[in-house]
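Student:
Numbering (my numbering), first residue to last: 14 to 322.
1. With burial defined as no fewer than 16 other Cβ atoms inside 10 Å of the residue's Cβ, what is the status of residue 79: buried or exposed?
2. Taking the alpha carbon of residue 76 as the reference point, which residue from 292, 223, 255 and 299 has its own alpha carbon closest?
3. What residue range does the beta strand (DSSP E) around residue 23 cover?
4. Of the choices 53, 279, 190 and 289, whose alpha-carbon is the least far from that of residue 308?
5. Going by DSSP, name the residue or residues bridged to residue 351.
6. Can you list, in chain order, the stretches of the beta strand (DSSP E) that have 3 or more residues and sit fully within the region 231 to 316?
7. Could you check the C-alpha separation between residue 162 and residue 245 for me, to the nearest Å?
8. Do residue 225 and residue 210 have their CB atoms nearer than 7 Å?
9. So the alpha helix (DSSP H) residue 126 belongs to, where does it begin and stop?
10. Tell me the residue span of the alpha helix (DSSP H) that contains residue 228.
11. Candidates 41, 200 and 174: which alpha carbon is nearest residue 16's?
12. What's the call for residue 103, buried or exposed, on a 16-neighbour Cβ count within 10 Å?
13. Excluding sequence positions up to five away, which residues of its chain have a Cβ less than 7 Å from the Cβ of residue 170?
14. Using alpha carbons as the reference points, say which of 39, 240, 23 and 47 lies closest to residue 11.
15. Rounded to whole angstroms, how far is the Cβ of residue 21 from the Cβ of residue 282, which I believe are closer than 8 Å?
16. Under a Cβ-count criterion, where at least 16 other Cβ atoms within 10 Å of its own Cβ denotes burial, should residue 178 be classed as buried or exposed?
17. Where does residue 44 fall in DSSP's three states?
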């Protein structure tokens, strides 16, 4: 599942910033390790991001050179069936109704994020290359933070590679780019708040990051507003599945005796183009301990400079 919002190279007041906001929706009992530094070989490129412990894949990551990639699955009932998916991306190919079953294909989506982060292709070249390969349905956004160069590709209902426009919010969930109601809602919320937040001149860099990320967490990524019935996405599973998944934050729910599914974590990545620093903020939700004050969560952050070569 999952939902993402990307605002590329937005200029407001004294700052130019790129923003990535991401909710990971997954079965609550799937083994996962939160964001940390990891690599595929000793002495090689290192990535900051979470990993799926069952399959070893990742749904979101950033390198010290400023390469960033994120992945959501593409949900259609006609794609369901076959062996359990082992992708390890945000949705793991999973649907609450069919326990993560997806069509059997030659390649796992779990490689899409990793291969871009550890590779050297430009965002567009990488998207053009992988769209010719066969995977289960996905939306993929890859980018170069330093150059403000981002591209999107999907292997479902997508005519080709889309170059993300600078200064505009691009949203992706589990359907065509920008098509779902909750994606459009999140884009509007972020577009309305971004100029004032990013452009605040009086804040220190640390306070700026704290304030911007907190606003995105509370206003965008925690939003539980459900889609109007007439605008509900239709992926073939019926309103019992579609409605709980129609909000940006998915409250954990069960269906037909299967495991609990919902938003497990939220991530905000901020990159100040002038400072050359990445700030990663993450909230991992304690789903079974919700109180009257809102969502309980564990917070994690990481700050690092981009190494320009």
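Ideal Cβ placement from N, Cα and C applies to all residues, glycine included. Since this is a predicted model, take the numbers as computed values, not measurements.
Tutor: If we stick to the structure as given:
1. What you label residue 79 is simply residue 66 of the chain shown in a count that begins at 1. Buried, because 16 or more other Cβ atoms sit within 10 Å of the Cβ of residue 79.
2. To locate residue 76, count along the chain shown from 1; it is residue 63. Here the closest residue by C-alpha is 292.
3. Taking the chain shown and counting its residues from 1, the one referred to as residue 23 is at position 10. Segment 16 to 25, the beta strand (DSSP E) holding residue 23.
4. Against the chain shown, residue 308 aligns to sequence position 295. When C-alpha distances from residue 308 are compared across 53, 279, 190 and 289, the shortest belongs to 279.
5. The chain is shown from 14 up to 322; residue 351 falls before or after that span and cannot be answered.
6. 274 to 285 and 290 to 298
7. For the purposes of this step, residue 162 is identified with residue 149 of the chain shown, where counting begins at 1. For the purposes of this step, residue 245 is identified with residue 232 of the chain shown, where counting begins at 1. Looking at the two C-alpha atoms, the distance is approximately 32 Å.
8. Sequence index remark: in the chain shown, residue 225 carries index 212 (1-based). Sequence index remark: in the chain shown, residue 210 carries index 197 (1-based). Closer than 7 Å, so yes.
9. Here residue 126 is taken as the residue at index 113 of the chain shown, counted from 1. It spans 123 to 130 - the alpha helix (DSSP H) in which residue 126 sits, taken as one unbroken run.
10. By one-based count along the chain shown, residue 228 stands at place 215. Residues 218 to 228.
11. Position 3 of the chain shown, counted from the start, is the residue given in the question as residue 16. Taking only the C-alpha atoms, the option nearest residue 16 is 200.
12. Taking the chain shown and counting its residues from 1, one reaches residue 103 at position 90. With a pLDDT of only 44 at residue 103, under 50, the local geometry of the prediction cannot be trusted, and the value read off the model is given with reservation. The residue in question, residue 103, is buried, as its Cβ has 16 or more Cβ neighbours within 10 Å.
13. Here residue 170 refers to the residue found at position 157 of the chain shown. The answer, listed in chain order, is 189.
14. The structure shown has nothing for residue 11, since the chain only spans 14 to 322.
15. Along the chain shown, one-based indexing puts residue 21 at 8. Along the chain shown, one-based indexing puts residue 282 at 269. Their Cβ separation, rounded to whole angstroms, is 12 Å, which puts residue 21 and residue 282 out of contact at 8 Å.
16. For this step, residue 178 is matched to residue 165 along the chain shown. Residue 178 should be labelled exposed.
17. Mapped onto the chain shown, residue 44 falls at position 31. Residue state, collapsed to three classes: coil.
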